[in-house]
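There are 2 protein chains.
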Amino acid sequence: MVEQKATNITKHIGLVSPEEREETFNQKGCVIWLTGLSGSGKSTVAVKAEQMLVKRGVHAFVLDGDNIRFGLNKDLGFSPEDRTENIRRIGEVAALFANAGVITLTAFISPYIKDRDFARSHLAEGRFLECLVDSSLEICEDRDPKGLYKKARAGIIPQFTGVSAPYEYPENPELEVTTDCTVEESAQQVIDQLVGRGLISA
Amino acid sequence: MVEQKATNITKHIGLVSPEEREETFNQKGCVIWLTGLSGSGKSTVAVKAEQMLVKRGVHAFVLDGDNIRFGLNKDLGFSPEDRTENIRRIGEVAALFANAGVITLTAFISPYIKDRDFARSHLAEGRFLECLVDSSLEICEDRDPKGLYKKARAGIIPQFTGVSAPYEYPENPELEVTTDCTVEESAQQVIDQLVGRGLISA
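The listed protein sequences derive, respectively, from chains A and U. Count the first sequence with this note's numbering and you get residues 1 to 202, in order. Count the second sequence with this note's numbering and you get residues 1001 to 1202, in order.
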């Protein structure tokens, strides 16, 4: 666990209450945390759901390897410690986005239960939806869109989730999507979940 | 400069263009980067501007010590290196918010020019507005709302900006606000700037 290092800092009171924000923008900020193996389709589902949400006029945004690993977390690699710090920071940033009222989709392997639970701990009940993108290792490895499994099997990439590093499945995810349907159908499942929970309007 | 550590990552193409996002929400994501001494009024101006923006139906959000130092950057202190890493991460997160279409107000002392310029470098021309909250050291020290200057003068707090650590003034800030007017007037200056630049509608 990361310890609070800076002292001499004080809490500053914002002037916009969460309720005011929700009413103004007619949506409740939350995090849809997609987790699953490399190549399972997390980012694909996330960006499709984002597109469908924005088309509905809903403020939505995706955090994924693209905008995090090349930016905020460019100083981190794939050791267990770095993975934990990676997910810690993403959890903090996702919570900031949710507090800003944004429907926030995160698409990271996030293989450890404790890291995902830590991300969950930043948000109020019902505002963190863990979503397992459930493609089997076989399917992911067969797909291998980036050729990473091949490299992992050849020992070129160490600590690769599912091959040489563990993936801990969620025990009670709020949602499971498979990718044996179309990506639109998977994304629609995410949206149905948001509507069903009253986080966005129908 | 932080080096890119993770390899084996690929850019994933989003499906929502910045233009589509801007048109849908009728605002252009940007960063208003408030900088100034401790006690100069950065957070006060930021949260007032946020409130006035949300009242206009504009998605706006404040990043400040409250939601950053206790969260994302709780592992960082006030050494020069930690300050730089603090501002680096904030710059990355502010850029994410701007890319999500949010009018993003940041309120951090951010004493070093090179750190502020690095934050600026993440954004397109015209999307990063440096805003000096210009209260003199005398005034800030006289105000001393958190009793920090007193502690800094007594040597209890080391590396305190303006007392025992430098503050580098912006050379060409897009905006300067003083706090010899009301906080509403200062916040209105920020909003006028946003309107004047076509980032939000009048």
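Every residue, glycine too, gets a C-beta built ideally from N, C-alpha and C.
Next on the checklist: Using a Cβ-Cβ distance cut-off of 8 Å, determine whether A:Ala-100 contacts chain C.
Outcome noted: Structure shown: chain C not included; protein chains present are A and U.
Item to check | Cut-off 8 Å between Cβ atoms - residues of its own chain near A:Val-54, not counting five sequence neighbours on either side | outcome: Position 54 of the first sequence holds residue 54 of chain A. The answer, listed in chain order, is Ala-60.
Checklist entry - How would you list, in chain order, the residues of chain A whose beta-carbon sits under 7 Å from the beta-carbon of U:Gly-1039? => result Counting from one through the second sequence, the residue named residue 1039 of chain U turns up at place 39. The contacting residues do not exist; U:Gly-1039 stays about 11 Å from chain A at best.
Checklist entry - Hey, out of U:Asn-1086, U:Asn-1026, U:Gly-1147 and U:Tyr-1112, whose CA is closest to U:Glu-1130's CA? => result On the second sequence, residue 1130 of chain U is found 130 positions in, with the first residue counted as 1. Checked all of U:Asn-1086, U:Asn-1026, U:Gly-1147 and U:Tyr-1112; the closest Cα to U:Glu-1130 is U:Tyr-1112.
Checklist entry - Which two residues bound the contiguous alpha helix (DSSP H) that contains U:Glu-1176? => result Locating residue 1176 of chain U in the second sequence gives position 176, where the first residue counts as 1. Here U:Glu-1176 belongs to no alpha helix (DSSP H); instead the beta strand (DSSP E) covers 1175-1177.
Next on the checklist: Does any residue of chain A have a CB that is nearer than 8 Å to the CB of U:Gln-1051?
Outcome noted: Position 51 of the second sequence holds residue 1051 of chain U. By this cut-off, U:Gln-1051 is an interface position.
Item to check | Buried versus exposed call for A:Cys-30 [16 or more other C-beta atoms within 10 Å across all chains shown] | outcome: In the first sequence, residue 30 of chain A corresponds to position 30, counting from 1. With 16 or more Cβ atoms within 10 Å of its Cβ, A:Cys-30 is classed as buried.
Item to check | Complete beta strand (DSSP E) runs within the segment 1006-1049 of chain U (minimum length 3 residues, chain order) | outcome: 1030-1035
Checklist entry - Can you give the Cα-Cα distance for A:Ser-43 and U:Glu-1092, rounded to whole angstroms? => result As a first step, residue 43 of chain A must be located in the first sequence, where it is residue number 43. As a first step, residue 1092 of chain U must be located in the second sequence, where it is residue number 92. Rounded to whole angstroms, A:Ser-43 to U:Glu-1092 spans 20 Å at the Cα level.
Item to check | Own chain, CB closer than 6 Å to U:Phe-1070, minus 5 neighbours either side, in chain order | outcome: The count along the second sequence starts at 1 and reaches residue 1070 of chain U at position 70. Correct list: empty, nothing qualifies.
Checklist entry - Touching or not, the segment 142-154 of chain A and the segment 115-127 of chain A, by the rule of three or more beta carbon pairs under 8 Å? => result no
Checklist entry - By Cβ distance below 8 Å, which residues in the same chain neighbour U:Lys-1048 in space, the five residues on each side in sequence not counted? => result The sequence position of residue 1048 of chain U within the second sequence is 48, counting from 1. Closer than 8 Å at Cβ, skipping near neighbours: Val-1183, Glu-1184, Ser-1186 and Ala-1187.
Checklist entry - At a Cβ threshold of 8 Å, is A:Phe-108 touching chain U? => result Taking the first sequence and counting its residues from 1, the one referred to as residue 108 of chain A is at position 108. So, not an interface residue.
Checklist entry - Using a C-beta cutoff of 8 Å, does U:Arg-1021 count as contacting chain A? => result Within the second sequence, residue 1021 of chain U is the residue found at index 21, counting from 1. Answer yes: the Cβ-Cβ gap between U:Arg-1021 and chain A drops below 8 Å somewhere.
Checklist entry - Where A:Ser-121 and A:Ala-202 are concerned, what is the direct C-alpha to C-alpha distance, given to the nearest angstrom? => result Counted from its first residue, the first sequence places residue 121 of chain A at position 121. Counted from its first residue, the first sequence places residue 202 of chain A at position 202. Each residue's alpha carbon lies about 28 Å from the other.
Next on the checklist: Assuming A:Asp-115 is part of the alpha helix (DSSP H), what are its boundary residues?
Outcome noted: Residue 115 of chain A sits at position 115 when you count from the first residue of the first sequence. Taken as a continuous stretch (DSSP letters only), the alpha helix (DSSP H) holding A:Asp-115 covers 113-121.
Next on the checklist: By alpha-carbon positions, which one of A:Leu-175, A:Gly-198 and A:Ile-103 ends up nearest to A:Asp-134?
Outcome noted: If you number the first sequence from 1, residue 134 of chain A lands on position 134. Closest by alpha carbon: A:Leu-175.
Checklist entry - With 16 as the cutoff for other CB atoms within 10 Å, does A:Gly-156 come out buried or exposed? => result Counting from 1 along the first sequence, the entry for residue 156 of chain A is found at position 156. The sequence shown places Ile at residue 156 of chain A, not Gly. Counting Cβ neighbours within 10 Å, A:Ile-156 comes out exposed, since fewer than 16 surround it.
Checklist entry - Which ranges does the alpha helix (DSSP H) cover as unbroken runs of at least 4 residues, wholly within the segment 1072-1097 of chain U, from first to last along the chain? => result none
Checklist entry - With a cut-off of 8 Å, does the C-beta of A:Glu-92 fall near any C-beta of chain U? => result To locate residue 92 of chain A, count along the first sequence from 1; it is residue 92. For A:Glu-92, the answer is yes, since a Cβ of chain U falls inside 8 Å of its Cβ.
Checklist entry - Is there contact here, the segment 1094-1102 of chain U with the segment 1132-1146 of chain U, by at least three beta-carbon pairs under 8 Å? => result no
Checklist entry - Which residues mark the beginning and the end of the alpha helix (DSSP H) in which A:Ala-152 is found? => result Stepping through the first sequence from its first residue, residue 152 of chain A is reached at position 152. Where A:Ala-152 is concerned, the enclosing alpha helix (DSSP H) stretches over 148-153.
Item to check | Alpha carbon of A:Phe-160 to alpha carbon of A:Phe-78, nearest angstrom | outcome: Numbered from 1 along the first sequence, position 160 holds the residue referred to as residue 160 of chain A. Numbered from 1 along the first sequence, position 78 holds the residue referred to as residue 78 of chain A. About 8 Å.
Checklist entry - What residues in the segment 1061-1078 of chain U bring their beta carbon closer than 9 Å to a beta carbon of chain A? => result Phe-1061, Val-1062, Leu-1063, Asp-1064, Gly-1065, Asp-1066, Asn-1067, Ile-1068, Arg-1069, Phe-1070, Gly-1071, Leu-1072, Asn-1073, Lys-1074, Asp-1075, Leu-1076, Gly-1077 and Phe-1078
Next on the checklist: Starting from U:Asp-1142, trace the alpha helix (DSSP H) in both directions and tell me its first and last residue.
Outcome noted: Here residue 1142 of chain U refers to the residue found at position 142 of the second sequence. Run containing U:Asp-1142: 1137-1143, per the alpha helix (DSSP H) assignment.
Checklist entry - What does a CB cutoff of less than 6 Å around U:Lys-1136 pick up in its chain, not counting 5 residues either side in sequence? => result Your numbering for residue 1136 of chain U matches position 136 in the second sequence. The sequence given here places Ser at residue 1136 of chain U; Lys does not occur at that position. Taken in chain order, the list of residues that qualify is empty.
Item to check | Under 8 Å between C-beta atoms of U:Phe-1108 and U:Asp-1075 | outcome: If you number the second sequence from 1, residue 1108 of chain U lands on position 108. If you number the second sequence from 1, residue 1075 of chain U lands on position 75. No, the Cβ-Cβ distance between U:Phe-1108 and U:Asp-1075 is not below 8 Å.
Next on the checklist: Please list, in chain order, the chain A residues whose beta carbon lies closer than 8 Å to that of U:Lys-1150.
Outcome noted: For this step, residue 1150 of chain U is matched to residue 150 along the second sequence. Those within 8 Å of U:Lys-1150 in chain A number zero; the least Cβ separation is about 12 Å.
Next on the checklist: Contact criterion: CB-CB distance below 8 Å. Does A:Leu-129 meet it with respect to chain U?
Outcome noted: As a first step, residue 129 of chain A must be located in the first sequence, where it is residue number 129. Chain U contact via Cβ: absent.
Item to check | Burial state of U:Glu-1081 (16 or more Cβ within 10 Å) | outcome: In the second sequence, counting from the first residue as 1, residue 1081 of chain U sits at position 81. So U:Glu-1081 ends up on the exposed side.
Checklist entry - Rounded to whole angstroms, how far is the Cβ of U:Leu-1105 from the Cβ of U:Glu-1050, which I believe are closer than 8 Å? => result Position 105 of the second sequence holds residue 1105 of chain U. Position 50 of the second sequence holds residue 1050 of chain U. With 8 Å as the limit, U:Leu-1105 and U:Glu-1050 qualify as a contact, their Cβ atoms being about 6 Å apart.
Next on the checklist: Any heavy atom of the ligand GDP inside 7 Å of the beta-carbon of A:Glu-138?
Outcome noted: This structure simply doesn't include the ligand GDP, nor any ligand for that matter.
Item to check | U:Phe-1070 (DSSP reduced to helix, strand or coil) | outcome: Walking along the second sequence from the start, residue 1070 of chain U turns up at place 70. In this structure, U:Phe-1070 counts as helix in the three-state DSSP scheme.
Checklist entry - Within 10 angstroms of its Cβ, does A:Ser-110 collect 16 or more other Cβ (buried), or is it exposed? => result Translated into positions along the first sequence, residue 110 of chain A becomes position 110. Its Cβ being crowded by 16 or more others within 10 Å, A:Ser-110 is buried.
Checklist entry - Can you tell me where the beta strand (DSSP E) with U:Ile-1184 in it begins and where it stops? => result Counting from 1 along the second sequence, the entry for residue 1184 of chain U is found at position 184. Going by the sequence as given, residue 1184 of chain U is Glu instead of Ile. It is not in any beta strand (DSSP E) - U:Glu-1184 instead sits in the alpha helix (DSSP H) that spans 1183-1196.
Checklist entry - Any Cβ of chain A within less than 8 Å of the Cβ of U:Lys-1114? => result What you label residue 1114 of chain U is simply residue 114 of the second sequence in a count that begins at 1. Not an interface residue.
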